[in-house]
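Residue numbers (my numbering): 243 to 333. Since the structure comes first, as structure tokens, the remarks are kept for the end.
Now the structure itself:
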């Protein structure tokens, strides 16, 4: 990694690409959602992206910052080359 490892021993986790999350997006969802693993309203069209990218300002380079977009419209040929995903494995 380019930087020191974080508290979990992981390197370079923010700022590479916006990462798609499995959560649906709603602007005020955290005010009405359960505190453990909120997924958002099932009828929402947009999904959450987190982490910022190489093409954004430094204030977005944290996982608490949420971006919203419709995955159906996220075409790399249309300028969405800052979106990606991370594979997660549960123990």
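Each residue gets a CB set at the ideal place from its N, CA and C atoms; glycine is no exception. Keep in mind the model is a prediction, meaning the values are calculated, not measured.
Using a threshold of 8 Å, is the CB atom of residue i nearer than that to any non-hydrogen atom of the ligand HEM?
{"i": "residue 313", "result": "Absence of the ligand HEM from the depicted structure is noted, as is the absence of any ligand whatsoever, leaving it without description."}
Run through DSSP, which three-state label would residue i get?
{"i": "residue 278", "result": "coil"}
{"i": "residue 314", "result": "helix"}
Mind checking which residues open and close the beta strand (DSSP E) that includes residue i?
{"i": "residue 303", "result": "It is not in any beta strand (DSSP E) - residue 303 carries neither H nor E in the DSSP assignment."}
{"i": "residue 261", "result": "260-266"}
{"i": "residue 328", "result": "Taken as a continuous stretch (DSSP letters only), residue 328 belongs to no beta strand (DSSP E), as it is neither H nor E."}
{"i": "residue 289", "result": "289-292"}
Is it the case that the Cβ atoms of residue i and residue j are separated by a distance below 9 Å?
{"i": "residue 310", "j": "residue 290", "result": "yes"}
{"i": "residue 337", "j": "residue 288", "result": "Look at the range of the chain in this structure, 243 to 333, and you will see that residue 337 is not part of it."}
{"i": "residue 262", "j": "residue 327", "result": "yes"}
Going straight from the alpha carbon of residue i to that of residue j, what length do you get?
{"i": "residue 292", "j": "residue 260", "result": "5 Å"}
{"i": "residue 257", "j": "residue 286", "result": "26 Å"}
{"i": "residue 314", "j": "residue 307", "result": "22 Å"}
{"i": "residue 301", "j": "residue 324", "result": "16 Å"}
{"i": "residue 312", "j": "residue 255", "result": "23 Å"}
Label residue i either buried or exposed according to how many other C-beta atoms from any shown protein chain fall within 10 Å of its C-beta, with 16 as the threshold for buried.
{"i": "residue 297", "result": "exposed"}
{"i": "residue 282", "result": "buried"}
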